[in-house]
Amino acid sequence: MLCGKIKECLDNIRPQEGYDKVTVNEAFGLSIHLLEPKIQQLLQFFSELMAEVDILYNLLQKQEIDEAGINQAMGTIKKNVGRLRERANVIVRESGAEGNKRKINTYAIMKKA
Numbered sequence: 116m117l118c119g120k121i122k123e124c125l126d127n128i129r130p131q132e133g134y135d136k137v138t139v140n141e142a143f144g145l146s147i148h149l150l151e152p153k154i155q156q157l158l159q160f161f162s163e164l165m166a167e168v169d170i171l172y173n174l175l176q177k178q179e180i181d182e183a184g185i186n187q188a189m190g191t192i193k194k195n196v197g198r199l200r201e202r203a204n205v206i207v208r209e210s211g212a213e214g215n216k217r218k219i220n221t222y223a224i225m226k227k228a
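Sequential numbering of the sequence shown, starting at 116, is according to the numbering used here.
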């Protein structure tokens with residue numbers, strides 16, 4: 116998962132020498148935010164969205180594409196992005212219904228840093 120890769124990168128900053136305290140603290144704070152479901156949902160959404168954009172971009176870069184091909188590509192991306200938005204809206208509604216049940220012990224987190 117994308118969050119895992121980003122978190123691993125941020126966590127690798129902490130034990131390495133050469134980073135100042137601000138950078139280490141920021142990396143730790145960002146890695147904590149990656150545990151939040153809403154952040155994970157946003158990252159997943161944008162990951163899927165950018166895959167669609169990449170496909171469209173590659174199609175539009177073809178020299179032999181015509182108007183019909185462009186219209187077809189635009190129709191496909193509109194349909195796929197619409198599905199992504201609907202899925203994202205359902206996830207947001209479900210997470211909003213659950214409320215924010217997770218409590219964070221700030222002292223324990225900062226001690227860990």
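We put the CB at the ideal spot given by N, CA and C, even for glycine.
- Taking every protein chain shown into account, the CB of Leu-175 has fewer than 16 other CB atoms within 10 angstroms, so this residue is exposed.
- Val-168 has its alpha-carbon roughly 30 Å from the corresponding atom of Glu-141.
- Going by beta carbons, Leu-117 and Leu-158 fall inside the 7 Å limit.
- Secondary structure note for Glu-179: it is in no alpha helix (DSSP H), with a DSSP letter that is neither H nor E.
- For the set Lys-153, Ile-185, Ala-166 and Asn-186, the Cα lying nearest the Cα of Ala-203 is the one of Lys-153.
- As the crow flies, the alpha-carbon of Lys-193 is around 18 Å from that of Asp-181.
- In the displayed model, Glu-123 falls within a helix according to three-state DSSP.
- DSSP places Asp-135 outside both helix and strand once states are collapsed to three, so it counts as coil.
- Inclusion of Arg-129 and Val-137 in the CB contact set at 7 Å is not warranted, their separation being larger than that value.
- When DSSP states are grouped into helix, strand and coil, Glu-151 belongs to the coil group.
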